[in-house]
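Heads up: the sequence shown begins at 91 in the working numbering, then just goes up one per residue.
The next block holds one structure in the form of structure tokens; read it before the comments.
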Amino acid sequence: TNFQQQTNKILTMMHQLWQLLLLVALVDSFLPTQRIERKQYIESIQENVATRTADKTRRSSTHLKQQSRSEEDDSVDIAIVGAGIGGLCAGAIINTLYGKKVGVYESHYLPGGCAHAFDRKAASNDETFTFDSGPTILLGCSQQPFSALRQVLDAVNQPVDWIRYDGWGMIENPGKGNEDEKRWKCVLGEDIFQKGPLKEFGGPNVLEEFEELRKLTKDLIIGQSIPTMAMRPGSSALVPLLRYFPTLVKLIQQGPELTGTFEPYMDGPKFVVKDQWLRDWLDALAFSLSGLPASRTAAAAMAFVLDDMHREGAALDYPRGGLGTVIDALVRGLEQGKKWVQVESAQPC
């Protein structure tokens with residue numbers, strides 16, 4: 091039939107495209123890598139960074155350092171500015187999986203950026219306490235589906251010991267003797283939130299509103315079936331994604347909704363959240379993700395949390411020893427097996 095002929099023609103074209111992409115990837119792998127001179131890079135950073143006096147109670151696990159370098163060390167395949175969690179993930183992957191010479195440059199004396207940890211001693215007994223400076227709510231690190239962070243740690247063979255827990259405490263309108271103060275626990279899992287605080291504090295239609303919102307945003311999380319490690323830049327970017335072709339098509343169909351903010355689902359035209367308590371809760375949840383209200387937070391991030399927090403078996407993860415242990419693991423992954431790979435401070439410490 092005509093339909094079968096058209097289908098066969100499309101399959102033939104896809105097969106030819108597949109062969110072409112493989113050829114491009116093969117050629118790309120043999121192209122010479124451009125070397126990046128880094129002397130001027132470091133010098134320019136040093137000129138713009140004020141000299142800091144390091145606190146005596148610096149975190150002792152991983153410190154950035156300046157090292158004497160030969161001319162051979164002064165050129166790298168990849169230069170990464172900033173030893174935040176993104177820069178460390180990128181450097182560890184590029185070094186471990188692709189064998190490139192990586193230089194990571196950071197103005198602080200500790201790696202991790204906003205996710206670094208630091209130690210402080212108690213004045214009374216000199217006992218040391220570790221504090222996280224950044225995110226503390228993590229999902230998908232102890233069980234599947236694994237988050238992007240867990241996928242990177244696995245790829246560079248740097249395990250982290252994760253502690254699972256089921257939720258966190260909330261205090262609304264805090265104040266001594268405040269009659270409007272509410273204290274409750276947000277427990278993860280299927281229907282627990284709906285039957286607990288949502289039913290207790292929301293209006294008469296809040297449950298239907300919440301479930302309709304989750305249903306409408308379900309398509310925004312379709313991309314989680316594509317592993318983060320399958321995504322990469324360059325001319326061969328499509329090759330690892332072809333095995334997820336049906337999902338990729340659905341992602342493309344989402345268009346700007348996938349990369350936009352959650353505003354169309356808070357204030358229309360996609361959906362309007364009318365219940366005031368639910369709006370306040372979504373804003374609080376968004377703040378823990380982005381530091382912004384829900385309407386200005388990425389729609390995909392909000393949709394993922396709304397789905398993942400309320401599924402069967404859901405749990406939160408925390409790295410034993412604090413978030414600094416994750417940063418330490420990424421630094422080890424970046425430096426493993428390559429003596430010339432350094433994470434270094436761009437200023438004297």
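We treat Cβ as the ideally placed atom computed from N, Cα and C, and that holds for glycine.
Under 7 Å, do residue i and residue j count as touching if we go by C-beta distance?
{"i": "Asp-256", "j": "Val-277", "result": "yes"}
{"i": "Ile-184", "j": "Lys-190", "result": "yes"}
{"i": "Ile-282", "j": "Asp-397", "result": "no"}
{"i": "Val-296", "j": "Leu-288", "result": "yes"}
{"i": "Phe-361", "j": "Leu-306", "result": "yes"}
{"i": "Ala-389", "j": "Gly-350", "result": "yes"}
{"i": "Gly-286", "j": "Trp-367", "result": "no"}
{"i": "Glu-280", "j": "Glu-425", "result": "no"}
{"i": "Glu-262", "j": "Lys-275", "result": "no"}
With 16 as the cutoff for other CB atoms within 10 Å, does residue i come out buried or exposed?
{"i": "Phe-120", "result": "Unreliable placement is indicated for Phe-120, whose pLDDT of 39 sits below 50; the coordinate value is still reported in the next sentence. It is exposed - the Cβ of Phe-120 has fewer than 16 other Cβ atoms within 10 Å."}
{"i": "Glu-133", "result": "For Glu-133, the pLDDT reaches just 47, beneath the cut-off of 50, and the residue's location in the model is therefore unreliable, although a value from the coordinates is still provided. Exposed, since its Cβ has fewer than 16 Cβ neighbours within 10 Å."}
{"i": "Thr-186", "result": "buried"}
{"i": "Tyr-195", "result": "buried"}
{"i": "Pro-438", "result": "Here the model assigns Pro-438 a pLDDT of 37, short of 50, so the residue's position is not dependable, and the following value carries that caveat. Label assigned to Pro-438: exposed."}
{"i": "Met-260", "result": "exposed"}
{"i": "Ile-417", "result": "buried"}
{"i": "Trp-451", "result": "Outside the displayed range of the chain (91 to 439) lies residue 451, so it cannot be described from this structure."}
{"i": "Arg-240", "result": "buried"}
{"i": "Gly-193", "result": "buried"}
{"i": "Val-339", "result": "exposed"}
{"i": "Gly-265", "result": "exposed"}
{"i": "Phe-352", "result": "buried"}
{"i": "Pro-409", "result": "buried"}
{"i": "Leu-112", "result": "Because Leu-112 sits at a pLDDT of 44, beneath the cut-off of 50, its placement in the model cannot be relied upon, and the following sentence gives the value as read from the coordinates. By the 10 Å Cβ count, Leu-112 comes out exposed."}
{"i": "Ser-214", "result": "exposed"}
Quick one, which of the options has its alpha-carbon nearest residue i's?
{"i": "Ser-197", "options": "Gly-174, Ala-180, Ser-214 and Val-363", "result": "Gly-174"}
{"i": "Ala-376", "options": "Gly-202, Pro-225 and Gly-177", "result": "Pro-225"}
{"i": "Val-365", "options": "Leu-229, Glu-290 and Ser-165", "result": "A quick correction: the sequence has Asp, not Val, at residue 365. Among Leu-229, Glu-290 and Ser-165, the Cα nearest to that of Asp-365 belongs to Glu-290."}
{"i": "Tyr-199", "options": "Glu-280, Gly-172 and Thr-218", "result": "Gly-172"}
{"i": "Gly-411", "options": "Gly-202, Ile-253 and Leu-178", "result": "Ile-253"}
{"i": "Lys-308", "options": "Glu-347, Pro-336 and Pro-317", "result": "Glu-347"}
{"i": "Gly-177", "options": "Thr-415, Asp-167 and Gly-202", "result": "Gly-202"}
{"i": "Glu-301", "options": "Ala-404, Val-166, His-400 and Cys-179", "result": "His-400"}
{"i": "Glu-446", "options": "Val-363, Trp-258, Pro-383 and Val-395", "result": "This structure does not reach residue 446, given that the chain is present from 91 up to 439, and the question cannot be answered."}
{"i": "Thr-387", "options": "Phe-219, Pro-354 and Arg-333", "result": "Pro-354"}
{"i": "Ala-245", "options": "Phe-219, Ser-214 and Ala-180", "result": "Ala-180"}
{"i": "Ala-405", "options": "Arg-369, Ile-316, Pro-383 and Gln-234", "result": "Gln-234"}
{"i": "Trp-258", "options": "Asp-216, Ile-227, Asn-268 and Thr-415", "result": "Ile-227"}
So, under 8 Å CB-CB, residue i and residue j are touching, yes? Tell me the CB distance rounded to an integer number of Å.
{"i": "Met-356", "j": "Ser-385", "result": "5 Å"}
{"i": "Gln-248", "j": "Gly-423", "result": "4 Å"}
{"i": "Ala-212", "j": "Ser-223", "result": "That belief does not hold up - the Cβ atoms of Ala-212 and Ser-223 are roughly 19 Å apart, past 8 Å."}
{"i": "Leu-413", "j": "Ala-238", "result": "No, Leu-413 and Ala-238 are not in contact; Cβ-Cβ is about 15 Å, not under 8 Å."}
{"i": "Val-242", "j": "Ala-169", "result": "That belief does not hold up - the Cβ atoms of Val-242 and Ala-169 are roughly 19 Å apart, past 8 Å."}
{"i": "Asp-407", "j": "Leu-229", "result": "7 Å"}
Is the shortest distance between the beta-carbon of residue i and the beta-carbons of chain B less than 7 Å?
{"i": "Phe-394", "result": "Any reference to chain B falls outside this structure, which holds one protein chain only."}
Whole runs of the alpha helix (DSSP H) within the stretch 391-433, excluding any shorter than 4 residues: Annotation: the stretch 391-433 contains the following complete segments of the alpha helix (DSSP H) (minimum length 4 residues), in chain order: 414-425.
> Which whole runs of the alpha helix (DSSP H) in the stretch 249-328 are 4 residues long or more, in chain order?
Replying inline: Correct list: 296-306.
* Complete alpha helix (DSSP H) runs within the stretch 333-382 (minimum length 4 residues, chain order) -> 335-344, 346-349, 353-356 and 366-380
Please give the ranges of any alpha helix (DSSP H) in the stretch 168-241, keeping only runs that are unbroken, at least 4 residues long and fully inside the region. Taken in chain order, the complete alpha helix (DSSP H) segments of 4 residues or longer contained in the stretch 168-241 are 175-188.
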